[in-house]
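Read through the structure below, which is laid out as structure tokens, and then see the notes.
Protein chains: 2
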Amino acid sequence: MSRTDLPSQTCTIARAVAQVGDEWTLLILREMFLGTRRFDDFLRLTGMSSHLLAQRLKKLEAEGVIRREPYSERPPRYEYRLTEKGRDLWAVIIALKQWGDRWLSAEDTPVQIVHKTCGQVTKPQLTCSDCGEPIEAHDAEARLSQPFELERQAAGRAP
Amino acid sequence: MSRTDLPSQTCTIARAVAQVGDEWTLLILREMFLGTRRFDDFLRLTGMSSHLLAQRLKKLEAEGVIRREPYSERPPRYEYRLTEKGRDLWAVIIALKQWGDRWLSAEDTPVQIVHKTCGQVTKPQLTCSDCGEPIEAHDAEARLSQPFELERQAAGRAP
DNA sequence: GTTAGTCAATTCAAAAAGAGAAGTGACTTC
DNA sequence: GAAGTCACTTCTCTTTTTGAATTGACTAAC
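In order, the protein sequences belong to chains P and L.
Quick note: the first sequence uses this note's numbering, first residue 19, plus one each step.
Quick note: the second sequence uses this note's numbering, first residue 19, plus one each step.
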């Protein structure tokens, strides 16, 4: 199986990975959340090649994660903005950031998150939607749906 | 700049992306959190090539995300387990899952998360560590450290 | 005591993706 | 009218990925 088959999987993690789970896409999203909107700023700030950037922006637009908007007619100029679907990826980027801050940083974190509502610097954490307590890997148990369970048992075997 | 330069960046998101931000690594992590431990189960359940799997497992081991442990001496057999650093990536995988469930799923979610402490099916959400309220992109403001800000201004220009 | 099977890989050739430099077109500013 | 900006596209070269086959150290079945 190749990466191009990921979108057709049942697993929603695999599908999410197919849409945004590569190095450059994640960096583009980081820049989006830092307020970057323009092609050459993405180029400059991510260091990726223009070829790749153009390709990824097209893919993200086709998926509905970002939209391309003219901000000048003459000369024709475009900028890129997150859609609601795109903005919803914030949790993914923040989760990566928290992990990076904890495990990969020598000094202080390069980016702090301020919660506008309460005004404080915050370290967003995952909490249970039911009881509100913070939740980590060992507090949780995964329960597979029956179709998904069957699909997994069948995987990799001759039919 | 190539992907191989990502680990040397100041940004902890870029560093995190360099360690775990690719398609197959994210799928391996999904399997880890579902309890998969053995080489051929990863092969079967992710559909990736054995070459890639061996390579990624080595990289993750070198980074300290997983560890390789013998579970049988004769014949020599190994299994892979998450380290604490690896288990801490749970938030990333869950964030991807929630996004996938919301935006990419036709039917019910294939995987439910049960909070062992309270016994309920939960949809983990990011909350502010200070006030405890749920937090999303528009509630937050990024504040860059000065060194990082300067690095960004300098990026892509001749020195 | 062969023969088949399991598991954890490694090897190899072909195909796909990425990197880096250069070029393009529609303008604006000096 | 020359130079610069922005949003790309094109080109070649290199690296990575794919997919199939193979290996080696065993065990279990006949």
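Virtual Cβ for every residue (Gly too), placed ideally from N, Cα, C.
Quick caveat, the model's predicted, so the values are computed rather than measured.
Backbone secondary structure at residue i - three-state DSSP
| i | result |
| --- | --- |
| P94/L | coil |
| R62/P | helix |
| V83/L | coil |
| I131/P | strand |
| R56/P | coil |
| P177/P | Legend: pLDDT at P177/P = 45, less than 50; position of this residue unreliable, value from coordinates given subsequently. The answer is coil: DSSP assigns P177/P none of H, G, I, E or B. |
Partner residues on chain P for residue i, Cβ-Cβ distance less than 8 Å
| i | result |
| --- | --- |
| A173/L | R62, L63, G65 |
| I31/L | L44, L45, R48, I111, L114, K115, G118, V129 |
Minimum Cβ-Cβ distance from residue i to chain P less than 8 Å
| i | result |
| --- | --- |
| E97/L | no |
| R85/L | no |
| F51/L | yes |
| P142/L | yes |
| T135/L | yes |
| E91/L | no |
| R56/L | no |
| P177/L | Bear in mind that the predicted position of P177/L carries a pLDDT of just 45, short of 50, making it unreliable; the figure below should be weighed with that in mind. No, its Cβ sits nowhere closer than 8 Å to a Cβ of chain P. |
Min CB distance residue i to chain L below 8 Å
| i | result |
| --- | --- |
| Q73/P | no |
| I111/P | yes |
| R21/P | yes |
| T28/P | yes |
Neighbour list for residue i in chain L, Cβ cutoff strictly below 7 Å
| i | result |
| --- | --- |
| H69/P | Going along chain L, no residue has its Cβ under 7 Å from H69/P, so there is no contact; the nearest lies around 13 Å. |
| T145/P | P142, Q143, T145 |
| K77/P | Residues of chain L passing the Cβ test: none, with the nearest at roughly 13 Å. |
Under 7 Å from the C-beta of residue i: neighbouring residues of chain P
| i | result |
| --- | --- |
| E154/L | W108 |
| A80/L | Within 7 Å Cβ-Cβ: nothing; A80/L doesn't reach chain P, min ~14 Å. |
Where residue i meets chain L, residues with beta-carbon distance less than 8 Å
| i | result |
| --- | --- |
| R105/P | E154, A155, H156 |
| F166/P | P128, V129 |
Cβ separation of residue i and residue j, assumed to be a contact under 8 Å, to the nearest whole Å
| i | j | result |
| --- | --- | --- |
| V132/P | A158/L | 7 Å |
| E1/P | E87/P | This structure leaves residue 1/P out entirely; chain P is present only between 19 and 177. |
| T140/L | S163/P | Between S163/P and T140/L the Cβ distance is about 16 Å, and since that is not below 8 Å, they are no contact. |
| T28/P | P128/L | 5 Å |
| T64/P | G118/L | That belief does not hold up - the Cβ atoms of T64/P and G118/L are roughly 24 Å apart, past 8 Å. |
| T180/P | P142/L | The requested residue 180/P is not part of the displayed model; chain P covers only 19 to 177. |
| V38/L | L24/L | Not really, about 11 Å apart at Cβ, beyond 8 Å. |
| T43/P | L71/P | Not quite, the Cβ-Cβ distance comes to about 10 Å (not below 8 Å), so this is no contact. |
| L100/P | I112/P | The Cβ separation is near 14 Å, so there is no contact. |
Segments of 3+ residues assigned as beta strand (DSSP E) that fall wholly inside the segment 102-167 of chain P: 129-133, 143-145, 158-162
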